[in-house]
Amino acid sequence: MEINIVNFNTTIGVKKPRTIQGMANTSDCPFCDVEHLVGIIETDDNIILLKNKYNVMEPSDQLVLIETDQCKSDIPDYSREQMRRVIHMGVKHWIKMLNCGKYRSVIFFKNFGPMSGGTIQHPHMQLVGYPELDPDLMFDPVEFEGLKIFEDKGVELNTSTNPRIGFSEYNLVLHDDAYTDKDTTASVALMPKDDSLNLLADLIKETVTFMKGYFKRPNFSYNLFFYNVEKKMRVKIMPRFATPPMYVGYNIHLRPTSIPDFAENLRAHLENQGYIK
């Protein structure tokens with residue numbers, strides 16, 4: 002079986018600060034200490050993109066997107082405008098990295114909470130460019146299929162009927178209508194239209210808000226994963242619990258029988274928020 006594998010530099014890894022409750026090794030948040038941040042690439046008010054100080058994966062180039070200056074906040078706390086600016090900046094640089102010719106693969110993702118694999122509580126996303134990894138080994142297209150909940154401006158939201166790991170997973174799939182036919186320069190990935198990207202940001206915010214209220218667990222954790230599939234974007238929104246041992250040990254994926262309930266409950270939330278008339 003073909004797999005992607007990179008080296009993880011443990012010498013650097015042990016030096017990383019940890020501020021998530023239950024695993025903290027410091028009370029000082031490095032992302033709050035803005036005056037001492039180095040390697041800054043771009044800023045937009047309180048949103049900062051910079052080089053990752055702890056480049057543990059080799060070979061790769063790692064970037065961090067600090068989403069806000071509010072350390073204890075999360076996506077549900079953001080204004081609609083803040084969420085849109087975060088997504089616009091992150092997607093812009095992700096697409097730029099994908100098309101620059103330096104990397105074979107570029108991943109864009111977010112960890113939040115103690116079960117997500119993250120180490121810093123302060124809200125942030127990460128972009129990692131890999132010169133060697135095969136992008137076709139990073140997903141199976143069937144993982145983005147699901148029960149449709151909502152679609153507008155070329156952006157479809159569904160509940161995955163073929164979850165990557167198991168339990169509830171939500172997908173955002175950007176179809177042809179989300180892109181302009183004038184972009185002929187993109188060699189690897191297309192940049193969505195502004196109104197479609199705004200809707201994508203809104204739906205990420207609403208889905209995360211719904212999940213946190215639906216599962217009602219202390220220290221709720223989740224991941225956002227962005228994918229480039231035939232030049233078009235996919236996003237997977239995944240609540241995180243203990244990873245099923247069947248998946249860890251045997252690569253067996255679990256399909257919950259409550260998938261229709263997940264779809265209907267999120268649809269009701271979007272109706273309450275005025276997205277579905």
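For the sequence shown, my numbering gives the first residue as 2, with consecutive numbering after it.
Where a beta carbon is used, it is the ideal one built from N, C-alpha and C, also for glycine.
Quick caveat: nothing in here was measured; it's all calculated off a predicted structure.
In the DSSP assignment, L38 falls outside any beta strand (DSSP E) and carries neither an H nor an E. Note that the C-beta distance between I48 and M98 is not below 7 angstroms. With contacts defined as CB atoms closer than 7 angstroms, T20 and Q83 fail to qualify as a contacting pair. Selection V35, K52, V39, G40 evaluated against D46 yields V35 as nearest (Cα-Cα). Secondary structure of K17 (DSSP, three-state): coil. Residue environment analysis places H176 among the exposed positions, since fewer than 16 neighbouring C-beta atoms fall within 10 angstroms of its C-beta.
For Q83, the uninterrupted alpha helix (DSSP H) segment begins and ends at 81–100. Taken atom to atom, the span from the alpha-carbon of Y251 to that of T244 is near 12 angstroms.
Taking all protein chains in view, the Cβ of M24 is surrounded by fewer than 16 other Cβ atoms within 10 Å, so the residue is classified as exposed. With distances taken between CA atoms, F227 lies nearest to V129 out of C30, G102, V129. Beta-bridge partners assigned by DSSP to H270: none are found.
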